[in-house]
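According to the working numbering, the first sequence is numbered sequentially starting from 16.
C-beta: ideal position from N, C-alpha, C; glycine also.
Keep in mind the model is a prediction, meaning the values are calculated, not measured.
Have a look at the structure below, then the notes.
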Amino acid sequence: MSVDPSSPAPAPSDFIRDIVAADVAAGKYAKIVTRFPPEPNGYLHIGHAKSICLNFGIAREQNGQCNLRFDDTNPVKEDVEYVDSIVRDVRWLIAGWADSCLGFKPRGGKPIPVTSNGQPDSYLGPVSPDSPDAEPFFASDYFEALYAYALTLIRNGDAYVCDLSAKETDEYRGAPDQPGRDSPWRGRSVAENLALFEGMRRGDFPDGARSLRAKIDMASPNVWLRDPLLYRIRHVPHHHAGNAWCIYPLYDYAHCLSDYLEGITHSICTLEFVDHRPLYDWILEKLRLPRALPHQYEFAKLVPGYTLVSKRKLLHLVTQGIVSGWDDPRMPTLSGLRRRGVPASALRRFVTGVGVTKYDSVTDIALFEHAVRDELNGSSERRLAVLRPIKLVLTNLAPGEIVSCEATNNPQSDTPTTRPVDLTREVYIESDDFAEVPPPKYFRLKPGGEVRLKYACIIKLDEIVKDASGAITELRCTADLTTRSGQPNADRKVKGTIHWVSATTCIDAEVRLYDRLFSVAEPAREEDFLRVINPKSLETVTAKLERSLAGLAGGVCHQFERLGYFTTDPVASRPDRLVFNRTITLKDAWTAPGGK
RNA sequence: UGCCCGAUGGUGUAAUGGUAGCACAAGCGACUCUGACUCGCUUUGUCUAGGUUCGAGUCCUAGUCGGGCAGCCA
């Protein structure tokens with residue numbers, strides 16, 4: 016059954032949603048605002064889908080908003096190619112589900128001066144993502160505001176310009192079990208710090224010559240509180256901010272303030288940022304900001320089995336040409352999954368189904384596969400296709416004779432429709448569906464055995480024809496036309512039913528059979544993940560399809576009966592030259608004794 | 001050997017001091033013109049040791065195991 020949108024699954028519950036609900040009950044915020052803050056340095060993957068669904072899901076359940084914001088504070092690693100792909104992927108994932116919660120801002124918009132609780136303040140409000148002048152939020156649009164906040168920290172004696180080199184800074188930081196030492200520049204006067212920081216902005220100093228640091232505690236057991244860097248000098252242009260800056264803020268400084276400027280209430284990130292939370296809070300508190308402060312909460316990221324969720328490693332697969340690109344259908348990227356034919360709804364169902372906890376785990380890929388199959392089972396029309404054909408001759412049919420049979424388009428539908436399929440003297444069946452020496456409990460075609468051709472009739476194998484080398488060239492069978500639907504023996508039972516296509520009216524198509532990219536459950540644990548790549552992750556065959564598929568425009572998923580779900584490849588397929596991607600196989604409970 | 005986070009069947013999770021439940025996976029069976037779907041049944045679990053309590057998966061203490069943190073990355 017297809018999913019009824021009027022009766023959605025019950026809203027999920029988890030420790031973060033509990034916190035949000037408590038804050039709502041306490042009237043802490045006027046409106047719940049979350050954010051999804053990717054850095055545009057790679058494509059979004061299945062792990063990000065969890066974060067997107069969590070953040071947008073909460074916004075959706077609370078009648079709130081979720082801002083798409085680029086955390087673009089490191090121009091050397093970022094690119095507009097990534098911002099474009101990320102916008103596309105996010106919109107695809109939430110389409111028809113949380114579009115109305117998506118927070119964008121006016122094009123070119125930057126934080127504006129406002130008065131909050133009688134105090135001067137800065138704020139950047141949202142605009143409908145569908146308005147013509149809307150664009151996502153960018154941390155780089157806050158550089159001016161961030162600079163002003165930095166000046167305040169300096170004036171208050173909470174930040175200083177440090178002249179230590181990167182290497183020296185490391186040495187002064189100490190070790191986790193060893194306290195750090197104060198920088199010799201820690202005691203500079205406010206006036207000197209101000210002058211130097213202004214010089215940094217002006218471009219007076221080369222990369223790495225100085226940095227702005229928070230003045231916290233070099234002996235803190237939390238290394239992130241040992242006078243962390245706030246700004247570094249980088250004389251490079253920025254993909255969004257242009258050439259306006261040669262100093263760039265670091266994540267910890269930019270993130271909390273970006274959240275504040277946008278009025279974020281719940282800043283949800285992954286576990287590796289737990290140690291940063293005191294710094295997040297420290298910066299906001301030191302600035303004595305007039306509005307309610309955002310708070311950070313952390314959850315365990317999603318790591319599905321047999322895949323990699325590391326932008327760095329994924330980038331490596333792309334640049335080494337191990338896959339065809341970020342959108343290769345074997346990639347765990349959202350664009351790869353989309354191209355493969357995975358519906359956004361299945362992805363959403365999977366990532367919300369795994370829940371939200373603080374426990375690091377590897378999620379069984381079967382959970383994902385189940386969600387995909389379940390979603391596609393209800394929505395996909397059935398078609399007949401033979402991937403690895405073997406010719407079968409129905410000796411009692413005349414050459415040129417076509418027996419039209421009625422095939423059901425979708426048995427899961429409440430009102431199933433049908434289409435005609437052609438039964439002819441020569442047909443193709445799957446080579447897997449014939450065994451000259453069948454294993455025990457083999458239901459398919461075997462010497463002297465009977466099987467039903469789905470939607471057609473029962474056939475009996477009479478003769479196996481081989482060539483001089485002993486290879487099978489054709490199977491000669493007798494068709495019992497009285498077992499066709501509507502005929503007197505239609506109800507006759509045989510154990511096996513197989514799929515087939517007419518050899519005379521079928522069409523050819525390229526079909527790409529994808530399998531998992533890695534051969535081990537946790538490729539991330541390997542010393543060299545390239546050594547555990549599944550050599551059979553892609554096999555391409557020329558398949559025989561029933562003629563009703565001819566001219567298929569694309570974008571639609573079909574179930575090829577008994578095989579799996581297949582979607583035309585959006586890049587390679589044309590109506591006159593079809594190319595299919597196998598999205599996923601059908602579940603297969605049959606295993607020949609001894610494996611198969 | 002500093003700080004932080006965590007631990008419930010094979011996997012992911014629920015139980016908010018009161019009957020350890022759900023989904024997936026696995027196994028068996030029913031149904032079947034898809035060895036799919038659907039349906040029924042079954043196997044498997046609270047890291048350890050103490051403590052608090054009438055009662056602990058839940059609270060406390062200690063331990064064990066796993067993960068994270070020493071980028072001018074995010």
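task: Report yes if the CB atom of Val-556 is closer than 9 Å to the CB atom of Leu-528, and no otherwise.
output: Numbered from 1 along the first sequence, position 541 holds the residue referred to as residue 556. Numbered from 1 along the first sequence, position 513 holds the residue referred to as residue 528. Result yes, Cβ atoms of Val-556 and Leu-528 sit closer than 9 Å.
Please state if the CB of Leu-391 and the CB of His-514 are separated by a distance shorter than 9 Å.
As a working mapping, residue 514 is identified with position 499 in the first sequence. As a working mapping, residue 391 is identified with position 376 in the first sequence. Their beta carbons are not under 9 Å apart, which means His-514 does not touch Leu-391 by this criterion.
Would you kindly work out how many angstroms separate the C-alpha atoms of Phe-383 and Thr-322, rounded to a whole number?
-> To locate residue 383, count along the first sequence from 1; it is residue 368. To locate residue 322, count along the first sequence from 1; it is residue 307. Between the alpha carbons of Phe-383 and Thr-322 lies a distance of about 12 Å.
* Going straight from the alpha carbon of Leu-496 to that of Gly-570, what length do you get? -> To locate residue 496, count along the first sequence from 1; it is residue 481. To locate residue 570, count along the first sequence from 1; it is residue 555. The alpha-carbon atoms of Leu-496 and Gly-570 are separated by roughly 37 Å.
Report task. Between the Cα of Cys-521 and those of Ile-473, Pro-550 and Leu-402, spot the shortest distance and give me the residue it belongs to. Result -> If you number the first sequence from 1, residue 521 lands on position 506. Closest option to Cys-521, Cα to Cα, is Leu-402.
| task | Measure the CB-CB distance between Gly-118 and Arg-50 and report whether it falls below 9 Å. | result | As a working note, residue 118 is residue 103 in the first sequence. As a working note, residue 50 is residue 35 in the first sequence. Yes. Within cutoff.
Going along the chain, which residues of its own chain have a beta-carbon closer than 6 Å to the beta-carbon of Arg-670, five neighbours each way excluded? With the chain represented from 16 up to 611, any question about residue 670 goes unanswered, as that position is not in the structure.
Spatial neighbours of Glu-541 within its chain, please: CB distance less than 6 Å, with the 5 preceding and 5 following residues excluded, ordered by chain position. What you label residue 541 is simply residue 526 of the first sequence in a count that begins at 1. Val-547, listed in sequence order.
Could you tell me whether the Cβ atoms of Asp-375 and Val-333 are closer together than 9 Å? Indexing the first sequence from 1 puts residue 375 at position 360. Indexing the first sequence from 1 puts residue 333 at position 318. If you check the CB distance, Asp-375 and Val-333 do not come in under 9 Å.
Would you call the region 435-447 in contact with the region 401-421, where contact means no fewer than 3 C-beta pairs closer than 8 Å? In the pairwise beta carbon analysis, the region 435-447 is classified as touching the region 401-421: at least three pairs are separated by under 8 Å.
Worksheet entry | Exposed unless 16 or more other CB atoms sit within 10 angstroms - verdict on Lys-559 | Taking the first residue of the first sequence as position 1, residue 559 is located at position 544. Lys-559 should be labelled buried.
Checklist entry - How should Met-16 be labelled, buried or exposed, when 16 other C-beta atoms within 10 angstroms of its C-beta is the threshold for buried? => result Working through the first sequence from its first residue, we reach residue 16 at position 1. Any reading at Met-16 needs caution, since the residue's pLDDT is 34, under 50, leaving its predicted position unreliable; the model's value is listed next. Per the 10 Å Cβ criterion, exposed.
Note to self: Do Leu-245 and Ala-165 count as a contact pair if the criterion is CB distance below 9 Å?
What the structure shows: Within the first sequence, the letter at position 150 stands for residue 165. Within the first sequence, the letter at position 230 stands for residue 245. Yes, these two residues count as a Cβ contact at 9 Å.
| What's the call for His-310, buried or exposed, on a 16-neighbour Cβ count within 10 Å? | As a working mapping, residue 310 is identified with position 295 in the first sequence. The residue in question, His-310, is buried, as its Cβ has 16 or more Cβ neighbours within 10 Å.
- Message: Quick test of the definition: if touching needs 3 or more C-beta pairs under 8 Å, does the region 185-202 touch the region 251-266?
- Response: no
Note to self: When you compare the CB positions of Glu-584 and Pro-344, do they come within less than 9 Å of one another, or not?
What the structure shows: Taking the first sequence and counting its residues from 1, one reaches residue 584 at position 569. Taking the first sequence and counting its residues from 1, one reaches residue 344 at position 329. Per the sequence presented here, residue 584 reads as Asp, with Glu not at that position. A contact, by the Cβ cut-off of 9 Å.
On the premise that Tyr-97 lies in contact with Asn-56, defined as a C-beta separation below 8 Å, what is that separation, rounded to the nearest angstrom? Position 41 of the first sequence, counted from the start, is the residue given in the question as residue 56. Position 82 of the first sequence, counted from the start, is the residue given in the question as residue 97. Rounded, the Cβ-Cβ distance is 6 Å, consistent with contact.
| query | Quick one: Cα of Arg-327 to Cα of Leu-179, how far? | reply | Start at 1 with the first residue of the first sequence, and residue 327 comes out as number 312. Start at 1 with the first residue of the first sequence, and residue 179 comes out as number 164. About 29 Å.
**Prompt:** If you draw a straight line from the C-alpha of Ser-155 to the C-alpha of Arg-247, how long is it?
**Reply:** Looking up residue 155 in the first sequence gives position 140. Looking up residue 247 in the first sequence gives position 232. Taking the straight line joining both Cα atoms gives about 14 Å.
In angstroms with no decimal places, state the Cα-to-Cα distance between Asn-237 and Tyr-44.
Locating residue 237 in the first sequence gives position 222, counting from the first residue. Locating residue 44 in the first sequence gives position 29, counting from the first residue. Approximately 30 Å between the Cα atoms of the pair.
Threshold first: 3 residues or longer. Then list the beta strand (DSSP E) segments lying entirely within the region 110-166, N to C. 127-131 and 134-138
Looking at C-beta atoms only, is the number of pairs between the region 176-190 and the region 133-147 that lie closer than 8 Å three or more?
-> No: fewer than three Cβ pairs fall under 8 Å.
- Beta-carbon proximity check, Leu-139 vs Phe-152, cutoff 9 Å: Locating residue 139 in the first sequence gives position 124, where the first residue counts as 1. Locating residue 152 in the first sequence gives position 137, where the first residue counts as 1. Yes.
Quick check on Pro-20: buried or exposed, where buried means 16 or more other Cβ atoms within 10 Å of its Cβ? Position 5 of the first sequence, counted from the first residue, corresponds to residue 20. Note that Pro-20 scores a pLDDT of 38, beneath 50, so its modelled location is shaky and nothing firm can be said.
Check: Using the rule of at least 16 other Cβ atoms within 10 Å of the residue's Cβ for burial, across every protein chain shown, is Leu-168 buried or exposed?
Finding: Working through the first sequence from its first residue, we reach residue 168 at position 153. Label assigned to Leu-168: buried.
Practice task
Kindly provide the ranges of any alpha helix (DSSP H) runs that are 4 or more residues long and lie completely inside the region 34-84, ordered along the chain.
Solution key: Within the region 34-84, the complete alpha helix (DSSP H) runs of at least 4 residues are 61-76.
field: Inter-stretch contact at 8 Å, needing at least 3 Cβ pairs: the region 85-95 / the region 58-68
entry: no
Legend entry - Ile-479, buried or exposed, once every other Cβ within 10 Å from all chains shown has been counted against 16: By 1-based counting over the first sequence, the position of residue 479 is 464. Its Cβ having fewer than 16 others within 10 Å, Ile-479 is exposed.
Check: Are the region 207-226 and the region 257-272 touching by the rule of at least three beta carbon pairs closer than 8 Å?
Finding: yes
* From Asp-389 to Arg-562, what does the alpha carbon distance come to, in whole angstroms? -> Counting from 1 along the first sequence, the entry for residue 389 is found at position 374. Counting from 1 along the first sequence, the entry for residue 562 is found at position 547. One C-alpha to the other measures close to 27 Å.
Worksheet item: Looking at the unbroken beta strand (DSSP E) that takes in Asn-596, where does it start and where does it end?
Response: Sequence index remark: in the first sequence, residue 596 carries index 581 (1-based). 594-600 is the span of the beta strand (DSSP E), which, as asked, contains Asn-596.
Point to revise | Where the beta strand (DSSP E) containing Thr-582 begins and where it ends | key: On the first sequence, position 567 is the one that residue 582 refers to. First-last of the beta strand (DSSP E) with Thr-582: 579-583.
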